[in-house]
Amino acid sequence: MESKAAKKMGIQKRAETVRVVVRCRPLSKKELNEGREKVVSMDKENGEVLVQKSTEDVPKRFTFDCVYNEDTKQEDIFAESAFPIIENILEGYNGTIFAYGQTGTGKTHTMAGVLDSNELKGITPRSFETIFKSINIDTNKQYLVRASYLEIYKEEVLDLLNKNGIQKLELKEKPGSGVYVKDLSTALIENPDKMMEIMLKGNKNRHVGQTKMNTESSRSHSIFTITVECAELGADGKSHIRVGKLNMVDLAGSEKQSKTGSEGLRLEEAIKINLSLTTLCHVISALVDQKSSYVPYRDSKLTRLLQDSLGGNTKTVMIANIGPADYNQDETLSTLRYASRAKHIENKPRINEDPKDAMLREFQEEINRLREQLQMAGAGKLNPDGTISTEVVEVERIVYVEDKKMKQLEAKIEKEKEEIKKKAEEQRQKIMEQKNIAEDEKQKLLDDLKKKEEDQEKAKTKQQKLLKRLKNMEEKVLQGSEVMKAAMKQEIELQKARAEVEERRREQLRIKQELQEKEDQKVNLQKEYNNQQEELAGKKVEYQKIWTKYRSALGEKNDLEADIHRERESLMMRIRELTNEIRLKHLII
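Per the numbering used here, the very first residue in the sequence shown carries number 20; after that it's consecutive.
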């Protein structure tokens, strides 16, 4: 799908691909104390990352949609790379933002950041604020927002929001809607503070631990999902619902046992993490390989959950996090290679319109039913048991009650309850004062009066419960206000304008990169020269270009062989671990 910016510029966009950006952290205090050197340089203007260990080595060059150096602010990364996805979610698309890279490269800092700092908070909390600001300025639509939070720890899917403690959950697949997590807790959200509260609650349940490379290393992959349902009246006069889903994924980092010093449980965690990340890399490789007929999504829980984000109905941004130090060069190159491959993954995003399982439609129907009951109860049509009498009353179908009207209804019901008590007490006194009635007759009148009072009390109590339920449900259905619209519209418009400028810059950069790639591939040995000296100089340049390409290709071949060797070692370690587990189980049996 074309973005708004592309439409305005009249640009014919290529097929929708995964957008890949790279972020490089600064050297850590430990690396500075050890005298480590930087081998990574970032060229934001050209979207290039260069890795060069020494001046004698041929630099390894990678191009991406955008690159960020150590001085980049959190706000800039969000505005340029995450905001367009948030905007798409509100239009009814699915979106995924995930951070990928070696352990200790700043993935969690990029996604979550420092939650109580306006400057350092990451993509996830900024997304919360942006979603609700956008809702608050839209007065013509109604929204329902819900959130879930899970982690994948040692290949088990765990619900981080479960009130009864963390429980293992199953992955299921539904035709038409794809993979989902059975019995995953979902919270309805009314504002960004509530969303933050949910996230903090889940963070307390996440598995983290200390390694030599990271004092607070994520020992699991986490996925925070926000679902936004939007209802508006169409040209046909009917309410139409769009559903957008945003997955914010914080992946655990790949690890080398020799560097992290992992032992025992930490080593077991690292093996599982590396195995799932290896599967993710296999999925990326299979998706961009034209000859591949099989994509191994089912080889890990992570890739099954990301199946729609990689090659499916989703707009995806991959943030590859790398470290600049020389001793991490192998891991940095591995991250950049897979990130470079991910650029070529094609997705097929579409707007999710009028899905059968939209919760907002259920809310609208329930709210209308409650309003009917309230209106009939107010007209004396509600039976004490809460059922509606058979007489039909025309009810205006509105899924919104103003706070002022709600308070008036509450006050009215409370006043009527007091009047019922007062009137019953007066009638009781009159019966007691009558002298010409036999005692048994008087008792019968008092019993009838008491029953009538109880019935009326039940009816009014039922009304109060209905009103409370209606109020609670309507608080979940969000709608913008004119006051909020005036306050926030300019801020959102500025963010949109910045995103459009960034889209234009990226399109120009893409064209520039394609031209440069074609130029680099062109070797002209048949060019005509005026004299031998000019020909010698020209051919020397061309041969130097060929020699540089050869050295670069040779280096790439050696690096890939080393990567394959490391991957084979990792798989062998996993095989040994599984063999030991099987032997232990046989021993126990």
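A virtual CB, placed ideally from N, CA and C, is assigned to each residue, including glycine.
Around the beta carbon of T598, fewer than 16 other beta carbons sit within 10 angstroms, so the residue counts as exposed.
Here K152 is buried: its Cβ has 16 or more other Cβ atoms, across all protein chains shown, within 10 Å.
In the displayed model, T230 falls within coil according to three-state DSSP, outside both helix and strand. In this structure, the alpha-carbon of A305 lies about 10 Å from that of R360. Under the 10 Å beta carbon count, G342 is surrounded by 16 or more other beta carbons and is classified as buried.
Residue environment for P103: buried (at least 16 other C-beta atoms within 10 angstroms of its C-beta).
The Cβ-Cβ distance between V41 and A358 falls below 8 Å. Across the set S73, S258 and L219, the C-alpha of L219 shows the shortest separation from the C-alpha of G132.
Look at the region 107-171 and you find these whole runs of beta strand (DSSP E), each 3 residues long or longer: 113-120. Contact annotation: the region 195-211 touches the region 164-177, with at least three C-beta pairs closer than 8 Å.
For A206, the enclosing beta strand (DSSP E) covers residues A206 to I208. For G195, there is no enclosing beta strand (DSSP E), since its DSSP letter is neither H nor E. Per DSSP, N293 is one residue of the alpha helix (DSSP H) stretching across L284 to V307. In this structure, DSSP gives F243 an extended state, which the three-state scheme calls strand. N266 is bridged by DSSP to T115 and T244.
A check of alpha carbon separations from E522 across T127, E50 and A101 identifies A101 as the nearest. Counting C-beta pairs with one atom in each stretch, the region 82-100 and the region 39-57 have three or more that are closer than 8 Å, which means they touch. Membership of I217 in the alpha helix (DSSP H) is indicated by the continuous run P211 to N224. Secondary structure note for T354: its alpha helix (DSSP H) is the uninterrupted segment Q348 to A361. In this structure, the straight-line span from the alpha carbon of L190 to that of E533 is close to 41 Å. In the assembly as shown, N113 is a buried residue. Its beta-carbon has 16 or more other beta-carbons within 10 Å. Between the alpha carbons of S241 and L555 lies a distance of about 59 Å. At a Cβ-Cβ threshold of 8 Å, L299 and T322 count as neighbours. Residue pairing from DSSP places S236 in a beta bridge opposite G228. By DSSP's assignment, N183 forms no beta bridge with any residue.
The residues Y168, L179 and L180, in chain order, have a CB closer than 6 Å to that of G221 in the same chain once the five nearest residues on each side in sequence are set aside.
Per the coordinates, the alpha-carbon of G123 lies some 26 Å from the alpha-carbon of E64. T354 sits buried, since 16 or more C-beta atoms from the chains shown fall within 10 Å of its C-beta. For R38, no alpha helix (DSSP H) segment is defined; the enclosing uninterrupted segment is the beta strand (DSSP E) at R38 to C43.
In this structure, the alpha-carbon of S146 lies about 22 Å from that of G120. One thing to note: P374 has its Cβ within 8 Å of the Cβ of V262. Your pair K126 and D269 checks out as a contact, with CB atoms roughly 6 Å apart and the cut at 8 Å.
Contact check for V77 and R570: beta-carbon distance about 5 Å, within the 8 Å limit, so the pair qualifies. Within the same chain, Cβ atoms closer than 7 Å to the Cβ of S60 are found at L69, the five residues on either side in sequence being excluded. DSSP places I338 in the uninterrupted beta strand (DSSP E) bounded by K334 to I341. The beta carbons of I105 and T149 sit closer together than 8 Å.
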